[in-house]
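Written below as structure tokens is the structure these notes are about.
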Amino acid sequence: GIAMTDCVTGQVLGRKCGKLPPKMVLRGAVKIISYFAPQLKVKLDADKPYCISPLGSTPQVLQLKGTKGFDAGYQADQSIESSQEEPEDLTSSLLSLMGCQQSSAPTSVARAKARKKAFDRLYAENDKSLVFDRSTEYSFEFLQHLIDFEDLSVDLGSIAGKLLLKELLDGQPLKFMAAQRRNNNNGVGGQGNKGRDLDLDYLWSFDIFHETLFTDCRDE
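Using this note's numbering, the letters of the sequence shown map in sequence onto residues 13 to 232.
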């Protein structure tokens with residue numbers, strides 16, 4: 013199986029960003045995202061910008077569900093609700109695979125914090141013992157609640173305010189992706205897929221376009 017500590021999620025762009033926000037706003041944005049993902053790695057002033065963090069600790073919710081063995085024709089049951097919570101049941105939590113006791117925290121956020129802390133410890137040690145199992149269904153909920161798709165903006169609260177993504181993306185789509193890094197330096201370095209400066213094999217990648225991006229789109 014694929015080692016979970018080899019997997020990352022985030023944004024990887026194919027060319028330079030457009031107009032970056034002021035440094036003070038940018039630092040505030042990174043600070044907020046780093047609160048949710050302490051292992052965040054960001055490089056936006058590069059030819060191939062990226063913003064990545066571990067797949068096992070970045071999601072606000074991560075749930076496990078057995079599927080009674082691998083089935084090549086298996087499909088999710090589409091029962092995902094609009095609001096998810098970090099599991100209270102240890103068998104549905106990633107903590108069970110890390111040999112941890114289930115968090116007794118009363119809130120989903122606090123239980124997620126326990127999972128993030130335990131996983132980030134494995135990630136920092138480059139521990140390969142935890143692997144994805146094809147007989148288990150994994151459900152992730154990320155920070156999409158921060159994105160306003162009406163105007164493609166991110167609400168960063170009082171620290172950085174509302175950040176419009178149009179100028180930053182410069183016609184490039186927002187991504188929902190996960191990938192396996194093929195080297196041992198937390199995914200940074202090397203040329204990798206199509207020279208993207210990250211040595212990654214994508215597990216999934218969805219390009220999210222918005223009408224505000226169309227005027228800046230161009231052929232690559």
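Ideal Cβ placement from N, Cα and C applies to all residues, glycine included.
Exercise for the section: Using a threshold of 8 angstroms, state whether the C-beta atoms of Ser69 and Phe131 are closer than that. Expected result: Result yes, Cβ atoms of Ser69 and Phe131 sit closer than 8 angstroms.
Practice task
Could you name each continuous beta strand (DSSP E) segment of 3 residues or more that falls completely within the region 23-74, going from the start of the chain to the end?
Solution key: The region 23-74 contains these whole beta strand (DSSP E) runs: 53-55 and 62-66.
Practice task
Check the DSSP bridge columns for Phe218 and list the partner residues they point to.
Solution key: The partner list for Phe218 (beta bridge, DSSP) reads Phe188.
Problem - Alpha-carbon spacing of Lys43 relative to Arg27, whole angstroms - result: Approximately 24 angstroms between the Cα atoms of the pair.
Handout entry: Element boundaries [alpha helix (DSSP H), containing Glu97]
Key = Here Glu97 belongs to no alpha helix (DSSP H), and DSSP marks it neither H nor E.
Handout entry: Local conformation of Asp18 per DSSP, three classes
Key = If DSSP states are grouped into helix, strand and coil, Asp18 belongs with the helices.
Problem - Classification of Pro33 by the beta-carbon crowding that lies within 10 angstroms, buried from 16 upward - result: That one is buried.
Exercise for the section: Can you have a look at Gln156 and say buried or exposed, based on whether 16 or more other CB atoms are within 10 angstroms of its CB? Expected result: Exposed is the call here.
Practice task
Could you have a look at Thr119 and say whether DSSP puts it in helix, strand or coil?
Solution key: Residue state, collapsed to three classes: coil.
Problem - Delimiting residues of the beta strand (DSSP E) encompassing Leu164 - result: It is not in any beta strand (DSSP E) - Leu164 carries neither H nor E in the DSSP assignment.
Handout entry: Backbone CA spacing between Lys60 and Val24 [nearest angstrom]
Key = As the crow flies, the alpha-carbon of Lys60 is around 7 angstroms from that of Val24.
Problem - When Leu106, Lys187 and Glu97 are compared against Thr17, the one with the closest alpha-carbon - result: Here the closest residue by C-alpha is Leu106.
Exercise for the section: Find out if the Cβ-Cβ distance for the pair Glu149, Lys53 is shorter than 8 angstroms. Expected result: Against a cut-off of 8 angstroms, the Cβ pair of Lys53 and Glu149 comes out as no contact.
Handout entry: Contact under 8 angstroms by Cβ, Glu98 with Arg133
Key = Taking 8 angstroms as the Cβ cut-off, Glu98 and Arg133 do not qualify as a contacting pair.
Handout entry: 8 angstroms Cβ cutoff met for Cys19 and Gln192
Key = Going by C-beta atoms, Cys19 is nearer than 8 angstroms to Gln192.
Practice task
Assign Thr224 to one of three DSSP states: helix, strand, or coil.
Solution key: Helix.
Handout entry: Beta-carbon proximity check, Pro71 vs Phe154, cutoff 8 angstroms
Key = Yes, they are a contact pair.
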